[in-house]
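Residue numbers (the numbering used here): 9 to 341.
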């Protein structure tokens with residue numbers, strides 16, 4: 009089924025096992041509530057994949073670094089927010105790029121040891137003056153060029169570590185004046201400006217295997233519907249103007265930017281052109297409704313996922329972990 013689900017705790021309940029076996033979602037997503045210790049996470053990841061009987065079922069996590077990190081000390085290292093790479097890049101471009109790539113690889117190293125195959129990073133949003141702070145230091149720079157260069161390096165690091173990146177929040181959340189976790193942002197900027205600014209990093213990195221939509225209305229494209237629910241935005245902008253052909257994942261359907269029942273949310277995002285609906289909080293009643301509204305993955309969506317996962321597996325390279333950590337610490341000071 010064209011859904012990625014979260015789960016409630018550190019181990020699956022019997023009810024969750026039965027639900028996942030019956031539903032057969034494409035994959036799963038982990039949050040801090042699910043991650044207590046390395047052995048426990050590995051066991052949970054294995055159990056999740058066992059419920060659907062697919063060793064390649066993607067397991068996702070948001071491990072950006074900084075304030076968005078589901079894996080925390082003492083069991084996992086702390087990584088800097090994206091802005092730290094941009095600050096280094098402004099002083100020394102080579103070192104900034106090296107740090108972003110090495111940081112991406114080190115994060116992937118931690119994830120791969122747990123069986124996690126997809127990281128919901130990097131953030132490609134270009135923060136504008138007056139925007140809500142929800143993006144803030146998660147952005148890779150103050151301009152399109154810096155974001156594109158550093159996010160590409162970070163993506164390369166993830167890929168060589170055996171983890172697929174997810175570019176987000178396509179086609180751009182950096183101009184939103186409210187947090188889409190809490191309310192629906194509406195952007196009234198003209199299309200030409202959006203194409204030159206907010207949309208531009210996504211165009212530069214359109215070759216990514218995964219992308220996550222923005223729950224943002226762009227009135228220059230669709231006056232009523234957020235990108236996640238807008239066939240016009242997905243067809244004309246994301247797939248068309250930006251050229252993104254990877255797996256298109258909705259942002260979390262439980263966010264307050266969206267209205268209506270959960271069956272409708274799932275049905276509407278898939279009808280608009282998302283390949284997969286994402287539901288994160290593990291609430292069983294909401295998950296049931298999402299399942300009721302969702303559909304089987306289309307042949308195109310399944311092909312996109314399989315191609316992306318093959319690319320991920322083929323891109324993995326061995327590194328000297330100790331040397332990578334040493335270099336990263338030197339670069340980041």
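The C-beta atom is built at its ideal place from N, Cα and C for all residues, glycine as well. Please read all numbers here as calculations on a predicted model, not as lab measurements.
Open item on the list: Whole angstroms are fine: how far does the CA of residue 39 sit from the CA of residue 189?
Closed with: Spanning the two alpha carbons is a distance of roughly 16 Å.
- [ ] Below 8 Å on the Cβ atoms is my guess for residue 109 versus residue 165; work out the distance and round it to an integer in Å.
- [x] Contact between residue 109 and residue 165 holds, with the beta-carbon distance rounding to 4 Å and staying under 8 Å.
Task: Residues bridged to residue 36 [DSSP beta-bridge criterion] - done: Bridge partners of residue 36: 13 and 67.
Task: 3-residue-minimum beta strand (DSSP E) runs that sit fully inside the region 98-140, ordered along the chain - done: As far as the region 98-140 is concerned, it has no whole beta strand (DSSP E) run of at least 3 residues.
Task: Residue ranges of each beta strand (DSSP E) within the region 153-230, 3 or longer - done: Counting only runs of 3 or more, we get 172-178 and 218-221.
Open item on the list: With a threshold of 8 Å, are at least 3 pairs of Cβ atoms found where one atom belongs to the region 300-312 and the other to the region 268-276?
Closed with: The region 300-312, when compared against the region 268-276, does touch it at the 8 Å Cβ threshold.
Task: Span separating the alpha-carbon of residue 258 from that of residue 285 - done: Each residue's CA atom was taken as its position, placing residue 258 and residue 285 some 5 Å apart.
Open item on the list: Taking only three categories from DSSP, how would you classify residue 321?
Closed with: Residue 321: helix per DSSP, three-state reduction.
Open item on the list: Among the candidates 310, 320 and 154, whose CA atom is the shortest distance from the CA of residue 11?
Closed with: Its Cα nearest to that of residue 11, the residue 310 stands out among 310, 320 and 154.
Task: CB contact below 8 Å: residue 254 versus chain B - done: Going by chain labels, chain B is absent from the structure shown, which holds only one protein chain.
Open item on the list: Can you list, in chain order, the residues of its chain with a C-beta nearer than 8 Å to that of residue 316? Leave out the 5 residues immediately preceding and following it.
Closed with: The beta carbon of residue 316 lies closer than 8 Å to those of 172, 217, 218, 254 and 255 in the same chain, with the five residues before and after it left out.
Open item on the list: Please identify the residue among 282, 252, 203 and 247 whose C-alpha is closest to the C-alpha of residue 237.
Closed with: It is 282 whose Cα lies nearest to the Cα of residue 237.
Open item on the list: To the nearest angstrom, how far is the alpha carbon of residue 4 from that of residue 59?
Closed with: This structure leaves residue 4 out entirely; the chain is present only between 9 and 341.
Open item on the list: Can you give me the C-alpha to C-alpha distance between residue 206 and residue 134, rounded to a whole angstrom?
Closed with: In this structure, the straight-line span from the alpha carbon of residue 206 to that of residue 134 is close to 6 Å.
Open item on the list: Beta-carbon within less than 7 Å of residue 243's beta-carbon, same chain only, minus the 5 sequence neighbours each way: which residues are those?
Closed with: These residues qualify, in order along the chain: 281.
- [ ] Please classify residue 79: does DSSP put it in a helix, a strand, or coil?
- [x] The three-state reading of DSSP puts residue 79 in coil, since its state is none of H, G, I, E or B.
TODO: Can you have a look at residue 71 and say buried or exposed, based on whether 16 or more other CB atoms are within 10 angstroms of its CB?
DONE: Residue 71 is classed as buried because its beta carbon has at least 16 other beta carbons within 10 Å across all chains shown.
Open item on the list: For a test of the three-state rule: what should DSSP assign to residue 19, helix, strand or coil?
Closed with: Three-state result, residue 19: coil.
Open item on the list: For a test of the three-state rule: what should DSSP assign to residue 265, helix, strand or coil?
Closed with: Reduced to three states, the DSSP call for residue 265 is coil.
TODO: Look at the alpha carbon of residue 187 and the alpha carbon of residue 73, and state the distance between them as a whole number of angstroms.
DONE: When the Cα atoms are used, residue 187 and residue 73 turn out to be separated by approximately 19 Å.
Task: residue 241, enclosing alpha helix (DSSP H) - first and last residue - done: First-last for residue 241: undefined, no H or E at that position.
TODO: Return the chain-ordered list of same chain residues with a C-beta closer than 8 Å to the C-beta of residue 335, the five sequence neighbours on each side being excluded.
DONE: Within the same chain, and ignoring the five residues on either side of residue 335 in sequence, the residues whose Cβ sits closer than 8 Å to its Cβ are 106 and 110.
Open item on the list: Considering only DSSP beta bridges, list what residue 284 is partnered with.
Closed with: Residue pairing by DSSP puts residue 284 in a beta bridge opposite 257.
TODO: Please look up how many angstroms separate the CB atoms of residue 194 and residue 227, rounded, as I've assumed it's under 8 Å.
DONE: The C-beta distance from residue 194 to residue 227 rounds to 7 Å, short enough to fall under 8 Å.
TODO: Out of 305, 247 and 225, point me to the one whose CA is closest to residue 266's CA.
DONE: Comparing Cα-Cα distances from residue 266 to each of 305, 247 and 225, the minimum goes to 225.
TODO: Identify whether residue 290 lies in helix, strand or coil by the three-state DSSP scheme.
DONE: The answer is coil: DSSP assigns residue 290 none of H, G, I, E or B.
Task: Per-residue burial, residue 62 [other beta carbons within 10 Å of its own, 16 or more giving buried] - done: Residue 62 should be labelled exposed.
Open item on the list: Within a Cβ cutoff of 7 Å, which residues of the same chain sit near residue 18, ignoring the five residues on either side of it in sequence?
Closed with: Same-chain partners within the cutoff: 42, 44, 48 and 52.
TODO: Can you give me the Cβ contacts of residue 333 inside the same chain, cut-off strictly under 7 Å, excluding the 5 residues immediately before and after it?
DONE: Contacts found: 114.
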